Amino acid sequence: PDMDAAETLIQSDPLVKGMWCVPVYSNPTGCVYSDTTVRRIARLKPKAPDFRLFWDNAYRVHNFGEPRPVIPNILNECETNGSSDMPLIFTSFSKVSFPGAAVSAVGASDNNIKEILRQMSSQTIGPDKLNQLRHSRFFKNTDGVYEHMEKLAKLIKPKFDVVLSALDAELIGLAEWSKPNGGYFIHFRSKDGHAKRIVELCREAGLIITEAGAVYPYKNDPRDRDLRIAPTYPKIDELKKAMDIFCASVKLSYVEKMDSINNSTQL
Numbered sequence: 590p591d592m593d594a595a596e597t598l599i600q601s602d603p604l605v606k607g608m609w610c611v612p613v614y615s616n617p618t619g620c621v622y623s624d625t626t627v628r629r630i631a632r633l634k635p636k637a638p639d640f641r642l643f644w645d646n647a648y649r650v651h652n653f654g655e656p657r658p659v660i661p662n663i664l665n666e667c668e669t670n671g672s673s674d675m676p677l678i679f680t681s682f683s684k685v686s687f688p689g690a691a692v693s694a695v696g697a698s699d700n701n702i703k704e705i706l707r708q709m710s711s712q713t714i715g716p717d718k719l720n721q722l723r724h725s726r727f728f729k730n731t732d733g734v735y736e737h738m739e740k741l742a743k744l745i746k747p748k749f750d751v752v753l754s755a756l757d758a759e760l761i762g763l764a765e766w767s768k769p770n771g772g773y774f775i776h777f778r779s780k781d782g783h784a785k786r787i788v789e790l791c792r793e794a795g796l797i798i799t800e801a802g803a804v805y806p807y808k809n810d811p812r813d814r815d816l817r818i819a820p821t822y823p824k825i826d827e828l829k830k831a832m833d834i835f836c837a838s839v840k841l842s843y844v845e846k847m848d849s850i851n852n853s854t855q856l
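Counting with this note's numbering, you get residues 590 to 856 for the letters of the sequence shown.
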């Protein structure tokens, strides 16, 4: 994140109530927060007394191109800076075992845990204990989770390689994209004013991708250029065809705009 901008906004405006972070393999860029960034976040002095840091560890164990990254513990760092109530840390097995139907967890200060329990007591009579039992018997321990994710990495990495190889072969100099070592997404950035049209052209050719603007609040991409590629679902052969369509759509969108500019100039 742009920590200069974050510090300025959070520490000056009482209407800024929170900051959402995906510190490991951030969605959509795939970046991992540096130790310096984590500690700058922990040192924030928000103007709003009820400011909360939403620390989303969705991809904590989803590495496939490097050793599992280790970053400072945000709760410990905040405690050191006298702001132990600021972070709310949460994660789940949603992208490890069963999407949307797995076990989740939250970590926070004693004060926050008490408040969370108070609210949850009126929402549910208790967790799904059988589902918890299934997970504990299957994974057994932390090493079991890591072993499972190594198997998943062997399935996912070849799909990322297909996407990145196609982009490298077809679009170097025409766009930018991330090359993540984990997570589930590749961040693609076209030239300004093309993201929506690329999505339309893909759809016309039979390829559905994440809609333009999805990575921005209210789906409002001010420069209409950012797209998120999620390659984990299709089979390899399908993915190769999909990337042929995607790369052709990018080029066609550029050509359309060039033709439009040339026609306007001639008129």
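Note that the Cβ used here is the ideal one computed from N, Cα and C, for glycine as well. What you are looking at is a predicted structure, and each value in this text was computed from that prediction instead of being measured.
- In this chain, Asp674 is not harboured by any alpha helix (DSSP H), its DSSP state being neither H nor E.
- Put simply, the backbone Cα of Met675 is about 7 Å away from that of Cys667.
- Under the 10 Å beta carbon count, Val627 is surrounded by 16 or more other beta carbons and is classified as buried.
- If you check the CB distance, Ser842 and Cys791 do not come in under 7 Å.
- Short of 7 Å from the beta carbon of Thr821, and not among the five residues preceding or following it, lie these beta carbons of its own chain, in chain order: Ile745, Lys748, Tyr773.
- With contact defined as three or more Cβ pairs closer than 8 Å, the segment 759–771 and the segment 613–621 are in contact.
- Shown here, Ser767 sits in coil according to DSSP, grouped into three states, outside any helix or strand.
- Straight through space, the alpha carbons of Ile663 and Thr669 are spaced by roughly 10 Å.
- With at least 16 other beta carbons inside 10 angstroms of its own, Pro612 counts as buried.
- Of all C-beta pairs linking the segment 801–814 to the segment 774–783, three or more are shorter than 8 Å, placing the two stretches in contact.
- Secondary structure note for Ile775: it is in no alpha helix (DSSP H), and the uninterrupted beta strand (DSSP E) holding it is 775–778.
- Nearest in C-alpha terms to Lys743, of all of Phe682, Asn665, Phe653, is Phe653.
- The beta-carbon distance between Leu677 and Phe643, rounded to whole angstroms, is 6 Å. This is short enough to meet the 8 Å contact definition.
- Within its own chain, no residue has a Cβ closer than 6 Å to the Cβ of Leu763 once the five positions on either side in sequence are excluded.
- Boundaries cannot be given for Ser710, as no beta strand (DSSP E) includes it and DSSP labels it neither H nor E.
- Distance between Arg641 and Ser601, taken at the CA atoms: about 15 Å.
- For Ala758, the enclosing alpha helix (DSSP H) has its first and last residue at 731–759.
- C-alpha of Lys829 to C-alpha of Val751: approximately 7 Å in a straight line.
- By DSSP's assignment, Asn652 forms a beta bridge with Gly771.
- When beta bridges are read from the DSSP output, Ser681 appears opposite Ser693.
- Going by C-alpha positions, Leu753 is about 18 Å away from Val788.
- Taking the Cβ atoms as the reference, Cys836 lies roughly 6 Å from Ala755, within the contact range of under 8 Å.
- Look at Ile798 here: in three-state DSSP terms it is coil, with no helix or strand label.
- Met847 counts as exposed, since fewer than 16 other beta carbons sit within 10 angstroms of its beta carbon.
- The C-beta of Met709 has fewer than 16 other C-beta atoms within 10 Å across all chains shown, which makes the residue exposed.
- Remark: C-beta atoms of Gln721 and Val692 approach each other more closely than 7 Å.
- In this structure, DSSP gives Cys610 an extended state, which the three-state scheme calls strand.
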